[in-house]
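A.B. asks: To start, I am sharing the structure in question, which I have written as structure tokens.
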Amino acid sequence: MNPDAFDDARSRIAAAYSPDSVRSLGTDLIERLSSHLAELQRREHSVLNWAPPADNLPVARETLNSQTELSQESLSERFQELIDLAIGRGHNLHHPRYIGHQVPASIPIAGLFDALGAITNQVMAIYEMGPWITSIERALVERWGAEIGLTPGTFDGLVTHGGSLANLTALLTARNTVFPESWQRGVFDGKQLPVLVAHADSHYCVTRSAGILGIGTENCLKAKLDQQRRIDPQALDEQLAQLRRDNRPILAVSAAACATPIGAFDQLNDIADVCRRHDVWMHVDAAHGGAVSMSKRHRHLIAGIERSDSFICDAHKMMFVPALCAFVFYREKAHRYAAFQQDAPYLFDPSTPGMAEIDSGVSTVECTKRAAVYGLWGVWSLFGTQIFSDLVDVTFEMTQIFNRKLEAAEDFVPLHQPQANIQVFQYLPSASYGLNDAEVGELNRRIRWKLIESGKFYIVQTHLDGRAALRTTLMNPLTTEDDLNELMDEVRTSAAALLKE
Ligand SMILES: Cc1ncc(COP(=O)(O)O)c(C=O)c1O
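Just so we're aligned, residue 2 is where the sequence shown starts under our numbering, counting upward by one.
Written as structure tokens, this is what we have:
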């Protein structure tokens, strides 16, 4: 590199690293975001700024053709342009009429803490790479585990990038503990493949884990459900007894608290009894429902979770912090080291053995891991646990209110009694239209598209017992009864237009 080119490169780098730019662009960004959030709370703008990929992709590609050198003024203009694009084409989860997926209108202040972690690039693998972020992560594992009912000092846990990876990590730990040679020798090794017995409505990541762990998705067996779509403990007992009689190795039972389709909570104490009777590892996917531990009103829904061998909770669902921030808990402390029985001498220094207790990399898929808990830590430390209880209580209560409205309306039918903040329902046009079940399902699907394209609401669609239906998850604590009334009216208006076509 010639000296002039080197100097030019250095001066461009200096511009990109300018603390003054952080100040001026950061101030603009915060100003813009705060106005945007206020507008959304006033129900301005579309919920989803819907545009098909054919519209978005060319614009996204064009943004990459940026100039290499910008004056301070043009940098600021370009920055504003990019922010406008991101906001104008994004999904407005903070709109009170976003009632869609299990992803929350996150507490905005949590994002400020995440920005702190991102701008200063706090990462972890071993303690010395991120002493503070490692410490707050450990403190949160200890504290949340104790809130859930685990005995302080006897359990352990970790944080990872999402519920799917959390379930995989916990089930890998189960596999390595139940079949201790599997890590080195693999699960095949001339023996019969183990089975994983999972809630029949498990999130797809549980079956996917069976595929990744080498036992095969066909060996992920469904546990029978009762009328309320919870694992039937008696049927589970019989299923495990039969598997034992057949000499089938059992990796684990994977229960749900709650399961994705309708938010049904398994009866965890009964399942723990069954698992203990058959000496089977009990795992609970509490990605959505783990946060009920914070609510006096609803914590009974996960009673017995503290008896499972492992369970997971997503803070980026019902703790209302930005994605991704998922926790894995092990009832027995030693299990934290069972997932990855590996040496990385350049990282894990044998002269400081005590550090392995706190190093994150020994227990996670990730080596370098982002500061995933900054948002949760910030909110918890500012507002205490009450805010988490309030968020669960309000969103669960609003779902009960919605359920009662659907029950009371002649042209709607709720397809279950909600235990959580998930409600599946159908719009049923009057009998005079003479639609069969499949046509009602098709109508509901088309209603949803109309709603989404209108930008007025965002809800999702699902299938329940072969019926296409509408599904809402109350993930914004600012959604009001009026919003729900208007949702029902909007469904009616869309249906009327569709039925006229
Ligand atoms: C019960 C359950 N488990 C796991 C997951 C997957 O979590 P993530 O999207 O964080 O990977 C979900 C997602 O909605 C879920 O509902």
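Virtual Cβ for every residue (Gly too), placed ideally from N, Cα, C.
1) Cβ of Ala257 versus every heavy atom of ligand 1: is any distance shorter than 7 Å?
2) Determine the extent of the beta strand (DSSP E) in which Phe328 is found, giving its start and end residues.
3) Using only CA atoms, which one of Asp271, Val124, Ala260 and Glu219 lies nearest to Pro234?
4) Just to confirm, does Gln1 get its C-beta within under 7 Å of one of the non-hydrogen atoms of ligand 1?
5) Examine the Cβ distances between the region 46-58 and the region 462-477 and report whether three or more of them are shorter than 8 Å.
6) Take Phe114 and list the residues in its own chain whose beta-carbon comes closer than 8 Å to its own, dropping the five residues that flank it on each side.
7) Short check: CB of Ala421 to CB of Gly264, under 8 Å?
8) Starting from the C-beta of Arg298, find all residues in its chain whose C-beta is less than 6 Å away, skip the five residues before and the five after it, and write them out in chain order.
9) Excluding five sequence neighbours on each side, which residues of the same chain lie with their C-beta closer than 8 Å to the C-beta of Ala498?
10) For Cys206, does the three-state DSSP call read helix, strand or coil?
11) For a test of your reading of the model: does the CB of Cys206 fall under 7 Å from any non-hydrogen atom of ligand 1? Yes or no.
12) Counting C-beta neighbours from all protein chains within 10 Å, is the total for Gln424 16 or more, i.e. buried, or is it exposed?
13) When you compare only the Cα positions, how much space is there between Arg65 and Glu454?
14) Could you check if Gln240 belongs to the surroundings of ligand 1, using beta carbon to heavy atom distance under 7 Å?
15) Assuming Leu151 and Phe321 form a contact by the criterion Cβ under 8 Å, report the distance between their Cβ atoms to the nearest whole angstrom.
16) Have a look at Glu487 and Ser495 and give me their C-alpha separation to the nearest angstrom.
17) Ligand 1 and Leu302: does any heavy atom of the ligand fall closer than 7 Å to the residue's C-beta?
18) Tell me which residue opens and which closes the alpha helix (DSSP H) that His317 is part of.
19) Please give the ranges of any alpha helix (DSSP H) in the region 116-183, keeping only runs that are unbroken, at least 4 residues long and fully inside the region.
20) Any heavy atom of ligand 1 within a distance shorter than 7 Å of the CB on Leu1?
21) Pull up the DSSP beta-bridge partners for Ile232, would you.
22) Rounded to whole angstroms, what is the Cα-Cα separation between His336 and Asn177?
23) Under the assumption that Leu197 contacts Val188 (Cβ atoms under 8 Å), give the Cβ distance between them as a whole number of angstroms.
24) For Gly212, I'd like the list of residues in its chain whose CB is within less than 7 Å of its CB, leaving aside the five on either flank, ordered along the chain.
25) Suppose contacts are defined by Cβ-Cβ distances below 8 Å. Is Asn404 in contact with Gln427 by that definition?
26) Compute the Euclidean distance between the alpha carbons of Gln42 and Glu398, then round it to the nearest angstrom.
27) Taking DSSP as the reference, what is the three-state secondary structure of Arg472?
28) For Ala224 versus Ile232, is the C-beta spacing smaller than 8 Å?
29) Closest by CA to Phe312, which one among Thr155, Arg62 and Ser255?
30) Return yes when the C-beta of His95 is under 7 Å from any heavy atom of ligand 1, and no when it is not.
31) Using a Cβ-Cβ cut-off of 6 Å (strictly less than) and excluding sequence neighbours within five positions of Val275, which residues of its own chain qualify?
32) Is Thr261 near ligand 1, in the sense that its beta carbon is under 7 Å from a heavy atom of that ligand?
33) How big is the Cα-Cα spacing for Phe341 and His289?
34) Since Tyr338 and Gly101 should fall inside the 8 Å C-beta cutoff, what is the C-beta to C-beta distance between them, to a whole number of angstroms?
35) Between the beta-carbon of Asp315 and the beta-carbon of His284, is there less than 8 Å?
36) Rounded to whole angstroms, what's the CA-CA distance from Gly215 to Glu367? Just pull it up for me.
C.D. replies: Result, derived from the coordinates:
1) Here residue 257 corresponds to residue number 256 of the sequence shown, with the count starting at 1. It does: the Cβ of Ala257 is within 7 Å (strictly closer) of some heavy atom of ligand 1.
2) Within the sequence shown, residue 328 is the residue found at index 327, counting from 1. Counting along the chain, the beta strand (DSSP E) containing Phe328 begins and ends at Ala327 to Tyr331.
3) What you label residue 234 is simply residue 233 of the sequence shown in a count that begins at 1. Checking every option, the nearest Cα to that of Pro234 belongs to Asp271.
4) As displayed, the chain neither begins before 2 nor continues past 502, which places residue 1 out of reach and without an answer.
5) no
6) Position 113 of the sequence shown, counted from the first residue, corresponds to residue 114. These residues qualify, in order along the chain: Tyr375, Gly376, Trp378, Gly379 and Val380.
7) For the purposes of this step, residue 421 is taken as the residue at position 420 of the sequence shown. For the purposes of this step, residue 264 is taken as the residue at position 263 of the sequence shown. Yes. Within cutoff.
8) Sequence index remark: in the sequence shown, residue 298 carries index 297 (1-based). So the qualifying residues of the chain are Asp394.
9) On the sequence shown, residue 498 is found 497 positions in, with the first residue counted as 1. Around Ala498: Lys451.
10) Within the sequence shown, residue 206 is the residue found at index 205, counting from 1. If DSSP states are grouped into helix, strand and coil, Cys206 belongs with the helices.
11) In the sequence shown, the residue the question calls residue 206 occupies position 205. The answer is yes for Cys206.
12) Counted from its first residue, the sequence shown places residue 424 at position 423. It counts as buried.
13) Walking along the sequence shown from the start, residue 65 turns up at place 64. Walking along the sequence shown from the start, residue 454 turns up at place 453. According to the sequence as given, residue 65 is Leu; it is not Arg. Across the structure, Leu65 and Glu454 are spaced so that their CA atoms are roughly 28 Å apart.
14) Taking the sequence shown and counting its residues from 1, one reaches residue 240 at position 239. Result no, Cβ not under 7 Å from ligand 1.
15) What you label residue 151 is simply residue 150 of the sequence shown in a count that begins at 1. What you label residue 321 is simply residue 320 of the sequence shown in a count that begins at 1. Not a contact, Cβ separation roughly 22 Å.
16) The residue you call residue 487 lines up with position 486 of the sequence shown. The residue you call residue 495 lines up with position 494 of the sequence shown. Taking the straight line joining both Cα atoms gives about 12 Å.
17) Taking the sequence shown and counting its residues from 1, one reaches residue 302 at position 301. No - ligand 1 has no heavy atom lying nearer than 7 Å to the Cβ of Leu302.
18) Here residue 317 refers to the residue found at position 316 when the sequence shown is read from its first residue. Taken as a continuous stretch (DSSP letters only), the alpha helix (DSSP H) holding His317 covers Ala316 to Met319.
19) 132-149 and 164-179
20) Only positions 2 to 502 of the chain appear in this structure, which leaves residue 1 out of reach.
21) As a first step, residue 232 is located in the sequence shown; it is residue number 231 there, counting from the start. Paired residue(s): Leu226.
22) The residue you call residue 336 lines up with position 335 of the sequence shown. The residue you call residue 177 lines up with position 176 of the sequence shown. Taking the straight line from one Cα to the other gives about 10 Å.
23) Mapped onto the sequence shown, residue 197 falls at position 196. Mapped onto the sequence shown, residue 188 falls at position 187. Not quite, the Cβ-Cβ distance comes to about 11 Å (not below 8 Å), so this is no contact.
24) What you label residue 212 is simply residue 211 of the sequence shown in a count that begins at 1. Cβ neighbours of Gly212 beyond the five flanking positions: Thr218.
25) If you number the sequence shown from 1, residue 404 lands on position 403. If you number the sequence shown from 1, residue 427 lands on position 426. Not closer than 8 Å, so no.
26) Residue mapping note: residue 42 aligns to position 41 of the sequence shown, counting from 1. Residue mapping note: residue 398 aligns to position 397 of the sequence shown, counting from 1. In a straight line, the C-alpha of Gln42 is about 20 Å away from that of Glu398.
27) Position 471 of the sequence shown holds residue 472. Strand at Arg472.
28) To locate residue 224, count along the sequence shown from 1; it is residue 223. To locate residue 232, count along the sequence shown from 1; it is residue 231. It is a contact, given that the beta carbons lie within the stated cut-off.
29) The residue you call residue 312 lines up with position 311 of the sequence shown. Residue Ser255 is the option with its Cα nearest to Phe312.
30) Indexing the sequence shown from 1 puts residue 95 at position 94. No, the beta carbon of His95 sits no closer than 7 Å to any heavy atom of ligand 1.
31) Residue numbering aside, residue 275 sits at position 274 when the sequence shown is read from its first letter. Pro234, Leu237 and Asp238, listed in sequence order.
32) The residue you call residue 261 lines up with position 260 of the sequence shown. Under cutoff, so the answer is yes.
33) Within the sequence shown, numbered from 1, the residue matching residue 341 stands at position 340. Within the sequence shown, numbered from 1, the residue matching residue 289 stands at position 288. Using only the alpha carbons, I get a separation of about 26 Å.
34) As a first step, residue 338 must be located in the sequence shown, where it is residue number 337. As a first step, residue 101 must be located in the sequence shown, where it is residue number 100. Actually they are not in contact, since the Cβ atoms of Tyr338 and Gly101 sit about 39 Å apart, beyond 8 Å.
35) Residue mapping note: residue 315 aligns to position 314 of the sequence shown, counting from 1. Residue mapping note: residue 284 aligns to position 283 of the sequence shown, counting from 1. Not closer than 8 Å, so no.
36) For the purposes of this step, residue 215 is taken as residue 214 along the sequence shown, with counting starting at 1. For the purposes of this step, residue 367 is taken as residue 366 along the sequence shown, with counting starting at 1. Distance between the alpha carbons of Gly215 and Glu367 is about 20 Å.
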